[in-house]
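Student: Protein chains in written order, with my numbering: chain U, 29 to 423; chain V, 29 to 423.
(1) Give me the subset of the segment 358 to 374 of chain V whose CB atoms are less than 9 Å from a CB atom of chain U, sorted by chain position.
(2) Starting from the beta carbon of residue 378 of chain U, find every residue of chain V whose beta carbon is closer than 7 Å, and list them in chain order.
(3) Which of the three DSSP states, helix, strand or coil, is assigned to residue 339 of chain U?
(4) With C-beta atoms as the reference, is residue 36 of chain V less than 8 Å away from residue 405 of chain V?
(5) At the level of alpha carbons, what is the spacing between residue 165 of chain U and residue 258 of chain U?
(6) Strictly under 8 Å for the Cβ-Cβ distance: is residue 111 of chain V near chain U by that measure?
(7) At the level of alpha carbons, what is the spacing between residue 407 of chain V and residue 338 of chain V?
(8) Report yes or no: is there a C-beta of chain U within less than 8 Å of the C-beta of residue 104 of chain V?
(9) Report the partner residues of residue 85 of chain V according to the DSSP bridge assignment.
(10) List the DSSP bridge partners of residue 256 of chain V.
(11) What does residue 95 of chain V touch in chain U if you count any residue whose Cβ is under 8 Å from its own?
(12) Just to confirm, is the Cβ distance from residue 271 of chain V to residue 201 of chain V under 8 Å?
(13) So the alpha helix (DSSP H) residue 361 of chain U belongs to, where does it begin and stop?
(14) Residue 31 of chain V: buried (16+ other C-beta within 10 angstroms of its C-beta) or exposed?
(15) Pick helix, strand or coil for residue 49 of chain U, following the three-state DSSP scheme.
(16) Looking at the structure shown, is residue 422 of chain V part of a helix, part of a strand, or coil, going by DSSP?
(17) Span of the alpha helix (DSSP H) holding residue 110 of chain V?
(18) Answer yes or no: does any C-beta atom of chain V fall closer than 8 Å to that of residue 173 of chain U?
(19) Please identify the residue among U/290, U/176, U/188 whose C-alpha is closest to the C-alpha of residue 118 of chain U.
(20) Could you please tell me which residues of the segment 382 to 408 of chain U, in chain order, have their CB closer than 7 Å to any CB of chain V?
(21) Below 7 Å on C-beta distance, what does residue 354 of chain U contact in chain V?
(22) Which residue wins for smallest C-alpha separation from residue 413 of chain U, given the options U/311, U/355, U/237, U/364?
(23) Let me check understanding here. Comparing Cα to Cα, which of U/373, U/104, U/250, U/110 lies closest to residue 289 of chain U?
(24) Measuring only the C-alpha atoms, how far is residue 43 of chain U from residue 181 of chain U?
(25) So, is the C-beta of residue 74 of chain V closer than 8 Å to a C-beta in chain U?
(26) Between the segment 234 to 264 of chain V and chain U, which residues of the former have a C-beta closer than 9 Å to a C-beta of the latter?
(27) Looking only at its chain, what residues have a beta carbon closer than 6 Å to the beta carbon of residue 299 of chain V, apart from the 5 residues adjacent to it on each side?
(28) Under 8 Å, do residue 73 of chain V and residue 384 of chain U count as touching if we go by C-beta distance?
(29) Which residues in chain U have a C-beta closer than 8 Å to the C-beta of residue 348 of chain V? List them in chain order.
(30) Let's see if you can read the secondary structure: which residues bound the alpha helix (DSSP H) around residue 29 of chain U?
(31) For residue 284 of chain U and residue 313 of chain U, what's the separation of their Cα atoms in angstroms?
(32) Are there 16 or more other CB atoms within 10 angstroms of the CB of residue 416 of chain V, so buried, or fewer, so exposed?
(33) Looking only at its chain, what residues have a beta carbon closer than 6 Å to the beta carbon of residue 77 of chain U, apart from the 5 residues adjacent to it on each side?
(34) Assign residue 438 of chain V to buried or exposed, taking buried as 16 or more other Cβ atoms, counted over all protein chains shown, within 10 Å of its Cβ.
(35) Which ranges does the beta strand (DSSP E) cover as unbroken runs of at least 3 residues, wholly within the segment 292 to 357 of chain U, from first to last along the chain?
(36) Please classify residue 229 of chain U as buried or exposed, where buried requires at least 16 other C-beta atoms within 10 Å of its C-beta.
Structural data, given as C-alpha cells:
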C-alpha cells in the first residue's frame with residue numbers, strides 16, 4: 029500500500045508538493061503519469077520511457093482485458109513486468125473506455141480520446157447505448173463487437189491480475205451534458221460501486237499490495253461534486269481520482285470544490301488532464317497526479333509543444349529549419365535532430381517520426397510538472413505559472 | 029576516398045576478411061549494410077542504430093531525391109548528419125528504385141522490394157514502362173505521379189549532394205527474365221553510363237571525398253557477367269557493386285564468375301542480399317558488403333529470425349510464451365521482452381512492435397555477418413556455415 033507524505037504546501041492555494049511511496053519506487057508529486065494504454069507507451073520502448081525519467085505508467089484495464097486478457101498479463105507478473113517497466117504503475121477501472129470505446133462509442137462521455145480513436149462529442153445521451161444498470165456496464169468490444177460486462181467486482185478482479193500499484197474504483201463517467209437528475213442518480217450508483225469496489229478489493233488483496241483510489245464524479249454541479257467529495261472521501265480509499273469532463277474554467281473551480289473537501293493526507297489524481305494551463309490550474313487546486321494521452325497522440329499527428337506554444341511540424345515552413353524543435357529543450361529529439369529532419373520524417377510518414385515526437389512531447393510535459401513541483405518548493409509557483417503561460421499562450 | 033585492406037583470405041574460396049576505411053570511420057568486412065531508405069532506419073532512432081553496432085548505413089537516392097530533395101539534405105551536411113548517423117554511409121544510384129517504384133512499378137526488375145511496397149514479379153518487360161534511353165531513365169514519382177529523368181550525370185550530382193562516403197554508378201537493372209539480346213544491349217549501355225558516371229563524379233568531387241562503385245550487371249549469362257566484370261572492373265572505380273536478380277543457386281555461381289575477375293584489391297558489394305544462406309554463399313564467392321531491407325521489412329510483418337529458423341510472432345502459440353524470441357540472443361528485445369509481449373504488441377498493431385522486431389532482426393543479421401567474418405579469420409568458416417545453416421534451415 030502506498031505512503032503519501034506532503035513536503036510543502038503553497039500558501040493561499042491548495043497546491044502541495046509531496047511524495048508517494050509504492051512497492052516499486054517513489055513518485056515525487058505533483059507528477060505526470062505517462063499513459064501506456066496497452067502496456068506500451070505508443071511508439072516507444074521501455075528503455076526510452078526510462079530515459080524520459082517517467083515516474084509512473086498507467087495502463088488501461090479495458091484494453092488489456094480485451095487483449096491479451098488479464099490472465100496473460102498476470103502470468104507475466106503484472107503489466108509492469110509484462111512491458112519491462114519496473115517503476116510505479118497504475119491502472120484505471122475500465123469504466124471510462126467501456127463507455128467511450130465500447131457500446132457507447134461516439135457518445136459524449138469523453139473529455140479525452142483513447143488510443144488512436146477519436147471520440148466525437150455528439151449529443152447522444154450515454155447510458156442509452158452503454159447499458160448501465162446498477163449491476164455494472166454492458167458494452168461491446170471495439171475490436172470484435174463481442175459483448176462484455178464490467179462490474180465493480182470484475183473491475184477489481186481484472187485490476188488485481190493486471191497488478192498495478194495503484195488502481196481505481198469502478199465508477200460511472202457521466203457526460204458533462206447529462207442533466208442534474210441523471211448526474212444525481214449516477215452519483216448514487218457510483219457511491220454504491222465504490223463500496224462494492226472496496227469490498228472486493230479488500231477480499232482479493234489481503235496483503236495490501238495494491239492501493240485503491242475512489243473516484244469523485246458529479247458533473248459540473250457544485251452540490252453534487254461536494255457531496256461526492258464528502259461521501260467518497262469518507263470511504264477508506266488510499267487516494268482519490270477526480271473524473272468527468274472539465275472545461276479549462278472548471279478546473280480552477282470544480283476541482284477546487286472537490287479537493288477542499290477530500291482528506292488532505294491522501295493523493296489526488298485528476299483523470300485525463302495534460303494541457304499546460306490545465307496542469308497549472310489543477311496543481312493550484314490541489315491535485316497531485318495527472319494522466320493524459322494528449323502528449324503522445326498530439327505527437328503522432330505532428331503537433332509539438334515548445335515554450336512558445338504548439339507547432340505543427342508538418343507545416344511547410346519547417347522543411348528547411350536546421351535548428352531543434354525547441355532550442356532550450358534537453359530531450360533526445362532536440363539534442364539530436366532538427367525541425368527539418370522531423371518535418372521530413374512526418375512528410376514521409378515514417379514511424380520514427382512518431383517516436384521522436386512522442387519523446388519530445390512527453391519530455392516537455394514531464395519536465396513542466398517537475399518544474400511546477402520545484403516552484404512550489406521554492407515559492408516561485410505564481411511567478412513561474414505567469415511567465416510560462418504568457419509565453420506558451422502568447423497572452 | 030576509401031582505403032581497403034584485406035586481413036585474411038580463406039583458402040580454396042574467394043572469401044576474405046578485411047577493412048574499409050572511410051572519412052567517417054572503419055568498416056570491418058564482410059559487413060552487412062543497414063538500410064536507411066529515407067535517411068531513417070524504419071521505426072528506429074539513430075541511437076538505436078548505434079546500439080546495434082551497425083557499421084554503415086545506406087540511403088536510397090530515389091527516395092531522398094523525391095523527398096525532401098537533395099538540396100535540403102545537402103544543407104544538413106549530407107544524409108548522415110541529417111539523420112544523426114555519424115558513421116560510414118552509402119547511397120545507391122537511384123536507378124533500381126526508378127525502375128521498381130517509379131515508371132516500371134510492377135515489372136520484374138526486383139529481387140527485393142523497397143520501402144513498404146512489395147514489387148510483384150510479373151512478366152512485363154522492363155524498359156517498356158521505364159522509358160530507358162541512352163540518355164537515362166524517365167520515370168514517374170510513386171508519390172505524386174510527377175515525371176522525372178535520372179541520368180548518370182544527375183545521379184552523380186544528387187549523390188554528391190546526399191554526401192555519402194560511398195556511392196554507386198548509374199546502371200540499368202535488368203529483369204532476370206530479359207532475353208540475352210536485351211541483356212547484352214543493356215550491358216553496353218550500363219558500360220557507357222559507368223564511364224559517364226565516373227566523368228561527372230571526378231568533375232564534382234575534386235577533393236575525393238566520395239568513393240564511387242561501378243556496378244556489374246549481366247543477368248544470368250556467364251558470358252555477359254564475365255564481360256561486365258572485365259570491362260567495369262577495368263575502369264578506375266573505388267569498389268564494385270554486383271546488381272541484378274539472383275536465385276539462391278546463382279549466388280554461388282554468378283557472383284563467383286564476377287568476383288573471380290574483379291580486381292582483388294577493391295571492395296565488392298552485393299546489392300540487395302540479406303538472407304542467411306545468401307550471405308554465407310556471397311561471402312564464400314568473394315563479396316565484402318551486402319545491404320537489404322529484408323530484416324526490417326520482415327520484422328514489421330512479425331517474421332523474426334531465430335537460430336532455429338524464422339518464426340511468425342503473430343502465430344497463436346506465442347501468446348503465452350514467457351521466454352525471449354531467441355534465448356541466446358543478446359539484443360535489446362531478447363534481453364528485455366518475451367515472445368508473449370511481442371505477440372501482444374503485434375496483435376494490438378502497436379508501433380513499438382515494429383521497433384522491437386526490427387532491433388532483433390537487424391541484430392541477428394549484423395551479428396551473423398560479424399560471426400562469418402570471425403570464422404574467416406580463425407579458419408572455421410566451413411564448419412560455422414554448415415552448423416548454422418543446418419540448424420536455421422532444419423536440413
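The beta carbon of each residue, even a glycine, is placed where N, CA and C say it ideally should be.
Tutor: In short:
(1) 360, 361, 364, 365, 366, 368, 369, 371, 372, 373
(2) Position 350 of the first chain holds residue 378 of chain U. In chain order: 66, 68, 70.
(3) Residue numbering aside, residue 339 of chain U sits at position 311 when the first chain is read from its first letter. Here residue 339 of chain U sits in strand by DSSP.
(4) Position 8 of the second chain holds residue 36 of chain V. Position 377 of the second chain holds residue 405 of chain V. Yes; because the gap between Cβ atoms is below 8 Å, this pair is in contact.
(5) Numbered from its first residue, the first chain carries residue 165 of chain U at position 137. Numbered from its first residue, the first chain carries residue 258 of chain U at position 230. One C-alpha to the other measures close to 25 Å.
(6) Residue numbering aside, residue 111 of chain V sits at position 83 when the second chain is read from its first letter. Yes, because at least one Cβ of chain U sits closer than 8 Å to the Cβ of residue 111 of chain V.
(7) As a working mapping, residue 407 of chain V is identified with position 379 in the second chain. As a working mapping, residue 338 of chain V is identified with position 310 in the second chain. Spanning the two alpha carbons is a distance of roughly 28 Å.
(8) Against the second chain, residue 104 of chain V aligns to sequence position 76. It does: the Cβ of residue 104 of chain V has a partner Cβ on chain U nearer than 8 Å.
(9) The residue labelled residue 85 of chain V in the question sits at position 57 within the second chain. V/62, V/117.
(10) Taking the second chain and counting its residues from 1, one reaches residue 256 of chain V at position 228. Paired residue(s): none; residue 256 of chain V is not in a bridge.
(11) Numbered from 1 along the second chain, position 67 holds the residue referred to as residue 95 of chain V. Per Cβ cutoff of 8 Å: 372, 375, 376.
(12) As a position in the second chain, residue 271 of chain V is number 243, starting the count at 1. As a position in the second chain, residue 201 of chain V is number 173, starting the count at 1. It is a contact, given that the beta carbons lie within the stated cut-off.
(13) Position 333 of the first chain holds residue 361 of chain U. Note, residue 361 of chain U: alpha helix (DSSP H), 360 to 364.
(14) Within the second chain, numbered from 1, the residue matching residue 31 of chain V stands at position 3. Exposed: under 16 other Cβ atoms inside 10 Å.
(15) The sequence position of residue 49 of chain U within the first chain is 21, counting from 1. Residue 49 of chain U falls in the strand class under three-state DSSP.
(16) As a position in the second chain, residue 422 of chain V is number 394, starting the count at 1. Correct three-state label for residue 422 of chain V: coil.
(17) What you label residue 110 of chain V is simply residue 82 of the second chain in a count that begins at 1. Note, residue 110 of chain V: alpha helix (DSSP H), 107 to 111.
(18) Looking up residue 173 of chain U in the first chain gives position 145. So no, residue 173 of chain U is outside the interface.
(19) Along the first chain, read from residue 1 onward, the residue named residue 118 of chain U stands at position 90. Among U/290, U/176, U/188, the Cα nearest to that of residue 118 of chain U belongs to U/188.
(20) 382, 383, 384
(21) Translated into positions along the first chain, residue 354 of chain U becomes position 326. In chain order: nothing, as chain V lies at least about 17 Å away.
(22) Position 385 of the first chain holds residue 413 of chain U. Of U/311, U/355, U/237, U/364, the residue nearest in Cα terms is U/311.
(23) Here residue 289 of chain U refers to the residue found at position 261 when the first chain is read from its first residue. Residue 289 of chain U has its Cα closest to that of U/250, out of U/373, U/104, U/250, U/110.
(24) As a working note, residue 43 of chain U is residue 15 in the first chain. As a working note, residue 181 of chain U is residue 153 in the first chain. Using only the alpha carbons, I get a separation of about 34 Å.
(25) Here residue 74 of chain V corresponds to residue number 46 of the second chain, with the count starting at 1. For residue 74 of chain V, the answer is yes, since a Cβ of chain U falls inside 8 Å of its Cβ.
(26) none
(27) Numbered from 1 along the second chain, position 271 holds the residue referred to as residue 299 of chain V. The residues are 269, 271.
(28) Along the second chain, read from residue 1 onward, the residue named residue 73 of chain V stands at position 45. Along the first chain, read from residue 1 onward, the residue named residue 384 of chain U stands at position 356. Between residue 73 of chain V and residue 384 of chain U, the C-beta spacing is below 8 Å.
(29) Within the second chain, numbered from 1, the residue matching residue 348 of chain V stands at position 320. Per Cβ cutoff of 8 Å: 100, 103.
(30) Locating residue 29 of chain U in the first chain gives position 1, where the first residue counts as 1. Element bounds for residue 29 of chain U: n/a, residue is neither H nor E.
(31) Looking up residue 284 of chain U in the first chain gives position 256. Looking up residue 313 of chain U in the first chain gives position 285. When rounded, the distance between both Cα atoms is 5 Å.
(32) Position 388 of the second chain holds residue 416 of chain V. With 16 or more Cβ atoms within 10 Å of its Cβ, residue 416 of chain V is classed as buried.
(33) Indexing the first chain from 1 puts residue 77 of chain U at position 49. If we look at residue 77 of chain U and ignore the five residues flanking it on each side, its Cβ neighbours are 69.
(34) Here chain V covers residues 29 to 423 and nothing more, so residue 438 of chain V does not appear.
(35) The segment 292 to 357 of chain U contains these whole beta strand (DSSP E) runs: 296 to 298, 317 to 319, 331 to 334, 337 to 340.
(36) Residue 229 of chain U sits at position 201 when you count from the first residue of the first chain. It counts as buried.
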